[in-house]
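In our numbering, the protein residues as written are 359 to 521.
No residue lacks a Cβ here, since even glycine has one placed at the ideal position from N, Cα and C.
Okay, structure first, notes after.
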């Protein structure tokens, strides 16, 4: 029950490899995959966890092995958080940067398409910001997948966050 079938460092190495690989895959999948979960996205996340679990712990089914894997995952998550907090460049690489998807009453269809953002999501963000398209100053797809709307109002710009 508590006896490891492989060395603890081998478990940690396997977990580190899987963590790094999934981090890259999730980052490559785009902002909307991370920010807005559909039922299909949730299914992919659940299946990903099932698919990689054997790769992390191998044949070890001990409580100790599970704890080593969990500690390694938490440690890597902490390291990534510390590193991205200290380096803007690394933060942009890991988390992405906002993308301008609309300006001055016009939405950029190519930017929406490139970032897999349905127009209906932008329209929802506009409604939540109480902003007509003609009053739109800027619309950004944020790094977390949300849409921020800045509207022009009586000569000044007000920020409203949506979706």
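{"Query": "Where residue 434 falls: helix, strand or coil (DSSP)", "Result": "helix"}
{"Query": "Nearest-angstrom Cα separation, counted from residue 417 out to residue 383", "Result": "25 Å"}
{"Query": "Boundaries (first-last residue) of the beta strand (DSSP E) holding residue 457", "Result": "457–461"}
{"Query": "Expected contact under 8 Å - CB spacing of residue 494 and residue 463 to nearest Å", "Result": "5 Å"}
{"Query": "Residue 478 versus residue 377: straight-line alpha-carbon distance, rounded", "Result": "33 Å"}
{"Query": "Cα-Cα separation between residue 373 and residue 502, rounded to whole angstroms", "Result": "25 Å"}
{"Query": "Simplified DSSP assignment, three categories, for residue 362", "Result": "coil"}
{"Query": "Residue 495, enclosing alpha helix (DSSP H) - first and last residue", "Result": "Careful: residue 495 lies outside any alpha helix (DSSP H), inside the beta strand (DSSP E) at 494–499."}
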